[in-house]
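*Asks:* Mind looking over this structure? Questions follow.
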């Protein structure tokens, strides 16, 4: 998976999330496990934004299984922070795609992340990626 950019302007979409108290740990910072739901919330919002809500994809028998997830934590997030998750499709093949994320508060980088997803049917078997999703990925070098 490609390394995520650290420039917010490289990302075509962003989603804002306010940190809830229940997401913090005994040190008063967001627990590392809470970042993956932030990425998922932003990913679902992105699909809705591009005209392909996740619920309609599932109704059509298409699902995107998470195959890999990687987060690099740079600065902690805290209760009541308003976090912006920037994201983009960073690569795609016939049956999988990856997304890159940049997590910021204002212009300060707090994390970068990558996820890889496999396109599967309702039975969990690999299927071809929809053309619209392939078209969103940058051309390979």
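Residue numbers (my numbering): 5 to 145.
Ideal placement from N, C-alpha and C gives every residue a C-beta, glycine not left out.
Less than 8 angstroms between C-beta atoms, sequence neighbours within five positions excluded: which residues of the same chain meet that for residue 51?
*Replies:* Excluding positions up to five away in sequence, the list reads 57, 58, 61.
*Asks:* Quick check on this structure: which residue in 112, 23, 41 has the alpha carbon closest to the alpha carbon of residue 33?
*Replies:* It is 23.
*Asks:* To the nearest angstrom, report how far apart residue 143 and residue 72 are at their CA atoms.
*Replies:* Answer to the nearest angstrom: the Cα atoms are 22 angstroms apart.
*Asks:* Buried or exposed: residue 11, going by 16 or more other Cβ atoms within 10 Å of its Cβ?
*Replies:* With fewer than 16 Cβ atoms within 10 Å of its Cβ, residue 11 is classed as exposed.
*Asks:* Report the three-state DSSP secondary structure of residue 83 (helix, strand or coil).
*Replies:* In the structure shown, residue 83 sits in coil (DSSP, three-state: anything other than H, G, I, E or B).
*Asks:* Excluding the 5 residues preceding and the 5 following residue 69 in the sequence, name in chain order all residues of the same chain whose CB lies nearer than 6 angstroms to its CB.
*Replies:* Within the same chain, residue 69 has close Cβ partners 122, 124.
*Asks:* Measure the beta-carbon distance from residue 65 to residue 115 and round it to whole angstroms, keeping in mind my assumption that it falls under 8 angstroms.
*Replies:* That belief does not hold up - the Cβ atoms of residue 65 and residue 115 are roughly 33 angstroms apart, past 8 angstroms.
*Asks:* Thinking C-alpha only, which one of 36, 31, 89 is nearest residue 45?
*Replies:* Comparing Cα positions, the closest option is 89.
*Asks:* Based on Cα-Cα distance, which residue from 107, 96, 13, 118 lies nearest to residue 134?
*Replies:* Among 107, 96, 13, 118, the Cα nearest to that of residue 134 is on 96.
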